[in-house]
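Accompanying notes for the structure given below.
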Amino acid sequence: MDAALPPKICDVLKTVVKGNIDDFTVTVHDPNKKGEGYLGQMFFITLQEKTNGSRFMFAVKQAFSENKIRDTFPIRNAFLNEIYFYTKVWPKLAKFQEEEASGKPSFHHIPRCYAVVSDNDQEMLVLENLKFRGFELHDKKKVLSTSMFEYLFDLYGKYHALSFAYKALHPEEFSELCKDVIDVWVTFSTRENFSEATKMCTRQALEVLEPGVDDQIAERYRHYVEDGAKLIANSLEETKYSAILHGDCWSNNMMFKYDETRNLVDMRFLDFQLCAVASPVCDLSYCLYSGGAKETFDQLDRLLQIYHDALSDSLRSFGCDPDALFPLEALKRDWKKHCQLGVIMGPMLWRGKMTYEDAALDLTDLTGSDNAVEEMQKFFDSKFDEKTYKERVRDILLHLHERDLFV
């Protein structure tokens, strides 16, 4: 047994490999960098059987157990929500797709989950380590290309189609499945520290605008300082066209696989702690505004068409009518209200992504006092690449102004 591994992790891995951990050589690989674990710690572990050399490679996600952190952030709810996704939601949707869709299942882009622990203060998920299957993270400081967004919007169409088809064909079962999805977003948005974070983020975003040039934009955006948390809540209100969402859709919650010429050939969605039942626009806007540039935003109509084409093809494989379940016109009409989640979170995530590595913070750094303003200020005081941040955020705000997407 490796001394660096907490005993609880060893106990869980023992059940996964159905054997004694002492029969394996245990290697603990480099953990996530500071600031990238957020609500917990990540352990990347390889077990190699001593006699036959067979290997098991895991990514273990463990919740922070410190009381101060758990009192300040909704750690338990977030982990229970992800556990529910992997143990109930995804198995149900995957089985539905396997049994009722014609042809080969089109969506399989979820990591394998081997085990979960839901004990209080010890929440944990044991997932496959995708790095050993050739998947990699995108450099978070760089925008995703338009072609990557085309790929992602296509996959989100296939993923959301599972909800729409299941809801249409098995409405009572779908309703039952959604009932235990925990709305962690609501928990976040009602906490003082989150409200303060949205205010500070919006104030900082306002500073990227050029006086005398961007005055109209500033005037339309200014009320987001006080209304940001409310706009997030409004975005996440259930609609006629709700689906089970991915939730936390920035690029660090995705892993990509490329061929030898660096063409994107596969990907996996990660982290379902913020999984919710709401408009698909929430996923799409969060993904777009937290990772794209103006040249991609200018292609919004085409991206929505790509998304809807994939959704439609998937729905037809279940014998469903896409124009009845989620018409393209409804998607475009809903964008203005429900994209506000991405509008608020995009600049906040770019602020975090642009923080210099030696200045990065995690939750242990943000719970030193009971003053939410002071704690959040630490994040916004950390040193960061101001030039690139300003470019990314101004791209978002210019796009919103040009498309009349401010509310």
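When the letters of the sequence shown are read in order and numbered with UniProt numbering, they come out as residues 1 to 407. For glycine and all other residues, C-beta sits at the position ideal for the given N, C-alpha and C. Small disclaimer: the values here were computed from a predicted structure and weren't measured.
Residue i, buried or exposed, once every other Cβ within 10 Å from all chains shown has been counted against 16
i: residue 423; result: This structure does not reach residue 423, given that the chain is present from 1 up to 407, and the question cannot be answered.
i: Lys240; result: exposed
i: Gln216; result: exposed
i: Val373; result: exposed
i: Ala359; result: exposed
i: Tyr156; result: buried
i: Lys18; result: exposed
i: Gly103; result: exposed
i: Glu295; result: exposed
i: Ala165; result: buried
i: Glu123; result: buried
i: Lys387; result: exposed
i: Ser106; result: buried
i: Asp395; result: buried
i: Val213; result: exposed
i: Asp362; result: buried
i: Ser163; result: buried
i: Ser147; result: exposed
i: His246; result: buried
i: Pro7; result: exposed
i: Gln273; result: buried
i: His223; result: exposed
i: Thr261; result: exposed
i: Pro322; result: buried
i: Ser175; result: exposed
i: Asp248; result: buried
i: Thr198; result: buried
Endpoints, the alpha helix (DSSP H) within which residue i is located
i: Arg351; result: Gln340 to Lys353
i: Leu231; result: Tyr224 to Ser235
i: Arg392; result: Glu386 to Glu402
i: Glu173; result: Pro171 to Lys179
i: Gln273; result: Gln273 -> no alpha helix (DSSP H), and no H or E assigned at all.
i: Thr202; result: Glu192 to Leu206
i: Thr296; result: Lys294 to Phe297
i: Trp90; result: Trp90 to Glu100
i: Leu80; result: Ile75 to Tyr84
i: Trp185; result: Val184 to Ser189
i: Asp283; result: Pro280 to Tyr289
For residue j and residue i, believed in contact at Cβ under 8 Å, the rounded distance
i: Pro347; j: Val407; result: 16 Å between Cβ atoms; not a contact.
i: Phe153; j: Leu303; result: 5 Å
i: Asn67; j: Val181; result: At roughly 26 Å, the Cβ-Cβ gap does not stay under 8 Å, so Asn67 and Val181 are not in contact.
i: Phe58; j: Val143; result: The pair is not a contact, with the Cβ atoms about 31 Å apart (cut-off 8 Å).
i: Val277; j: Cys178; result: 5 Å
i: Phe64; j: Leu39; result: 7 Å
i: Phe149; j: Leu288; result: 7 Å
Beta-carbon spacing of residue i, residue j below 8 Å
i: Ala168; j: Leu325; result: yes
i: Asn193; j: Thr72; result: yes
i: Lys131; j: Ser235; result: no
i: Leu264; j: Tyr151; result: yes
i: His109; j: Arg333; result: no
i: Gly92; j: Ser251; result: Sequence inspection shows Lys at residue 92; the Gly mentioned does not correspond to that position. Cβ distance not < 8 Å, so Lys92 and Ser251 don't count as in contact.
i: residue 479; j: Ser285; result: Since the first residue of the chain shown is 1 and the last is 407, residue 479 is not available in this structure.
i: Thr87; j: Val116; result: yes
i: Leu311; j: His138; result: no
i: Glu128; j: Pro111; result: yes
i: Val225; j: Thr190; result: no
i: Thr187; j: Pro74; result: yes
i: Lys378; j: Leu366; result: yes
i: Val184; j: Lys390; result: no
Terminal residues of the beta strand (DSSP E) in which residue i lies
i: Lys257; result: Met254 to Tyr258
i: Ala310; result: Per DSSP, Ala310 belongs to no beta strand (DSSP E); it is in the alpha helix (DSSP H), Leu300 to Ser317.
i: Phe58; result: Arg55 to Ala63
i: Val16; result: Val16 -> not in any beta strand (DSSP E); alpha helix (DSSP H) instead, spanning Pro7 to Val17.
i: Val213; result: Run containing Val213: none; DSSP gives neither H nor E here.
i: Leu69; result: As written in the sequence, residue 69 is Ile, which differs from the Leu given in the question. Careful: Ile69 lies outside any beta strand (DSSP E), inside the alpha helix (DSSP H) at Asn67 to Thr72.
i: Glu49; result: Gly40 to Glu49
i: Thr25; result: Phe24 to Val28
is_contact[residue i, chain C] using C-beta, thresh 8 Å
i: Thr296; result: Among the chains in the structure shown there is no chain C, since it carries only a single protein chain.
Only counting runs of 3 or more residues, tell me where the beta strand (DSSP E) segments fall wholly within the stretch 106 to 167, in order along the chain.
The qualifying runs are 113 to 117 and 124 to 128.
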